[in-house]
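Residue numbers (full-length UniProt numbering): 1 to 180.
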């Protein structure tokens, strides 16, 4: 959700300030991100059913990182817009899978686990944009956007732990099930 916050607050400014796009064109950066995020979230359950949640998180984070890298490093508006769109599509399935995994780690404490993940997620959504701002005093905005790229890369290579040992197996896989 940190990466989502960055897109919410910095995508339009990126196109305006870094690439010199007019405000009307720059608005398409967030529009492209939000549209693909919405479409991806609508399709994520089908993809998870076919590939599993670990694949969705791992490859979604990798695609998101690649998309934002293209947006950040592109000297042209059109590829940057495509990059913001890919960033949204890649992130779209990640957060729901993390909520699902939190709810399935311990069925007796599912609510507490989901609320912790949600709280940390919202903290990230607020902190992400706040971290990028001060970074822009040290480096240009497009280079500051490489921080969320690095976080996406880190999420894409996280190792999956063994399944939790709690009661009978659930029909719904979670990120922590060890299925890779």
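Ideal Cβ placement from N, Cα and C applies to all residues, glycine included.
Note that the structure is predicted; figures quoted are calculated from it, not measured.
Counted within 10 angstroms of its Cβ, other Cβ atoms place residue i as buried (16 or more) or exposed
i: residue 100; result: buried
i: residue 126; result: exposed
i: residue 3; result: buried
i: residue 30; result: buried
i: residue 180; result: Because residue 180 sits at a pLDDT of 40, beneath the cut-off of 50, its placement in the model cannot be relied upon, and the point is left open.
i: residue 115; result: exposed
i: residue 48; result: buried
i: residue 119; result: exposed
For residue i, the three-state DSSP class (helix, strand or coil)
i: residue 131; result: helix
i: residue 105; result: helix
i: residue 146; result: helix
i: residue 1; result: coil
i: residue 137; result: coil
i: residue 157; result: coil
Neighbourhood of residue i by C-beta, 6 Å cutoff - its chain only, sequence neighbours within 5 removed
i: residue 156; result: 58, 61, 62
i: residue 37; result: 88, 92
Close-in-space but distant-in-sequence residues of the same chain around residue i (CB under 7 Å, 5 per side omitted)
i: residue 9; result: 129
Close-in-space but distant-in-sequence residues of the same chain around residue i (CB under 8 Å, 5 per side omitted)
i: residue 17; result: 141
Check: residue i C-beta below 7 Å from any heavy atom of the ligand GDP
i: residue 128; result: Among the ligands in the structure shown, none appear at all, so the ligand GDP cannot be discussed.
- request: Would you list, in sequence order, the uninterrupted alpha helix (DSSP H) runs of no fewer than 4 residues that lie entirely inside the region 15-103?
  value: 23-51, 53-73, 77-92
Cβ contact (3+ pairs, closer than 8 Å) linking the region 64-74 and the region 140-156: yes
- prompt: Is it a yes or a no for the region 82-93 touching the region 54-70, going by three-plus beta-carbon pairs under 8 Å?
  reply: yes
Three CB pairs or more closer than 8 Å across the region 27-44 and the region 75-88: yes
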